[in-house]
Structure formats: structure tokens, C-alpha cells
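Shown next, in C-alpha cells, is the structure this report addresses.
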Amino acid sequence: MDAGYTLGQFRQAGYGVTDLRDFFALKELIDAGFGLNEIGKLSVDELRDVHPPIADLWNSGHYYPAVVLREAGYSAEEMRKACYSAKTMLELGYNARELRIGGYPAWDLKRAGLPLGEIVDAGYTAIELREAGYTVKELREVGCPDTPLYYRNGGYSARELRDAGYSARELRGAGYSARELRGAGYSAWALKDIGYVLSDLSDAGYSAKDLRDAGYSAKVL
Numbered sequence: 058m059d060a061g062y063t064l065g066q067f068r069q070a071g072y073g074v075t076d077l078r079d080f081f082a083l084k085e086l087i088d089a090g091f092g093l094n095e096i097g098k099l100s101v102d103e104l105r106d107v108h109p110p111i112a113d114l115w116n117s118g119h120y121y122p123a124v125v126l127r128e129a130g131y132s133a134e135e136m137r138k139a140c141y142s143a144k145t146m147l148e149l150g151y152n153a154r155e156l157r158i159g160g161y162p163a164w165d166l167k168r169a170g171l172p173l174g175e176i177v178d179a180g181y182t183a184i185e186l187r188e189a190g191y192t193v194k195e196l197r198e199v200g201c202p203d204t205p206l207y208y209r210n211g212g213y214s215a216r217e218l219r220d221a222g223y224s225a226r227e228l229r230g231a232g233y234s235a236r237e238l239r240g241a242g243y244s245a246w247a248l249k250d251i252g253y254v255l256s257d258l259s260d261a262g263y264s265a266k267d268l269r270d271a272g273y274s275a276k277v278l
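In the numbering used here, the protein residues as written are 58 to 278.
And the structure:
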């Protein structure tokens, strides 16, 4: 190799991988256009060094078990794009946080059987947890923030918070409107008791009967 010829020139001259591999680094061979099918099956260290896309490995005609890809340092995102399931990833030793960063949705981890506490600890948002089908009650039980605002920002309805044990006063403090509280099943009396005035209750859609039951006289109505 002292004649000064480039790898590309050697390739054009018909030299193959077998002729050149002792003289050029694996990455140089790949960059010169030699395919993985020509180079042969790569070791874990070689995979870690050149890190070819998983799709290229599949197209090489050589079999690379998922556990080998894990050992070679492929990220959760790369594995997800290659269609490995969350269940398989967990079995390979990837943790919930790695899966979240890699783009696996919370519902995928739930379907894989991961406990809710681990999914929450992985950093999924209230919105993502709601989309995964978890209730406010379930989230409170595993230590999610115990503030109604957290769940309101996550898209949970006033009724869902009421079912989880929050009071009308707490929901009002989180920014739910009188109309939303009425939709959650709170009576006009309950809203009057926490400071809503007659006009608020009327605008929320309570009927004259509801307002009478809340203690308003016909005169003020």
C-alpha cells in the first residue's frame, strides 16, 4: 500500500474486501462504498465502532439478534424505528426512561405490563398518562402531584377530578369554570357555598329550580 493509491482506486481496479480489509479500517471500506453484504457479519465491537443503521444490517443478509444490537449500543430510538416493541425492549434491559426518550408512548409501556409507578418515574407528562388511559385516582395513588392544576393541565375533566375525590373548591382553585363544575355534577348549592354568585350560576346553565334549591328566592331570580 506504499504506492499511494486510494481505496477508491483499489475498488475500481477490482480488489475486494478480502484483499483490502487488512490494510483499511472498516469505516473506510464502508465509506468507499463497500456494502455490509460484501464486508460480512460484524462483531459487537465493530457494530459499536461504525454503528450502521439497523435497516442496513437487515439488508446485509446477516442476522443480528436484538440482544447484540443492545450490546452494541443502539439507542431506544433506533430500536423503535426498527419496530422493536416496548415489551422486547424491556426484556433487553432498556429502562422506562430510555424508552420515553426513545419515543415510546406511555400506553406502549402500559401494554407491555410495566407498573404505573415506573412509567410515572420515567417522566411522562399528565397528558401522556391520560392518553394511556390512566385515571386521576390511579395517578394520585402512585405519587403524582396532588394538585388539581396538574390534572387540569393534563386534559382531565372536572368530573374526572371529582370522581378522584377533589372538592368543588379545589377545582375552582385550579381554574375550572362554573359551567365545568356543573357538568361534573356539582349542585348550584355546592357552587354557591364556595363563593360563586347568582350571575355565575345562571351563566353556568343552572335552571330556576336548581337556583331555588340553592336558596335563591323568586324575587332575586
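Glycine included, C-beta positions come from ideal geometry on N, C-alpha and C.
query: Enumerated in chain order, which unbroken segments of the alpha helix (DSSP H) with a length of 4 residues or greater are wholly contained in the region 117–142?; result: 123–128 and 133–138
query: Short of 8 Å in beta carbon distance, which residues of its chain neighbour G232, apart from the five on each side in sequence? Order them along the chain.; result: L206 and R209
query: Measure the Cβ-Cβ separation of A189 and Y161 and say whether it is below 8 Å.; result: no
query: If contact is defined by three or more beta carbon pairs under 8 Å, each pair taking one atom from either stretch, is the region 162–170 in contact with the region 192–206?; result: no
query: Quick one: Cα of L186 to Cα of A163, how far?; result: 6 Å
query: Would you say the beta carbon of Y131 comes nearer than 7 Å to a heavy atom of the ligand GTP?; result: The ligand GTP is absent from the structure shown, which contains no ligand whatsoever.
query: Less than 8 Å between the beta carbons of Y243 and A221, yes or no?; result: no
query: Can I184 and A153 be called in contact, C-beta distance under 8 Å?; result: no
query: Go ahead and pull the three-state DSSP assignment for L83.; result: helix
query: Taking only the alpha-carbon atoms, compute the straight-line gap between G150 and R105 and give it to the nearest angstrom.; result: 17 Å
query: In this structure, how does DSSP classify N94 when only helix, strand and coil are distinguished?; result: helix
query: Can you give the Cα-Cα distance for A241 and N116, rounded to whole angstroms?; result: 56 Å
query: Going by C-alpha distance, which of P172, V125, D178 and E148 is nearest I158?; result: D178
query: Whole angstroms are fine: how far does the CA of Y213 sit from the CA of R197?; result: 13 Å
query: From A247 to A275, what does the alpha carbon distance come to, in whole angstroms?; result: 19 Å
query: Just the Cα atoms here: how many angstroms apart are I251 and E128?; result: 59 Å
query: From this set, Y181, E227 and V107, which residue's C-alpha is nearest A82's C-alpha?; result: V107
query: Would you please state the rounded distance, in angstroms, between the beta carbons of G211 and T182? I believe it to be under 8 Å.; result: 7 Å
query: For a quick check, are the C-beta atoms of A245 and L268 less than 8 Å apart?; result: yes
query: Rounded to a whole number of angstroms, what is the C-alpha to C-alpha distance between T204 and L218?; result: 10 Å
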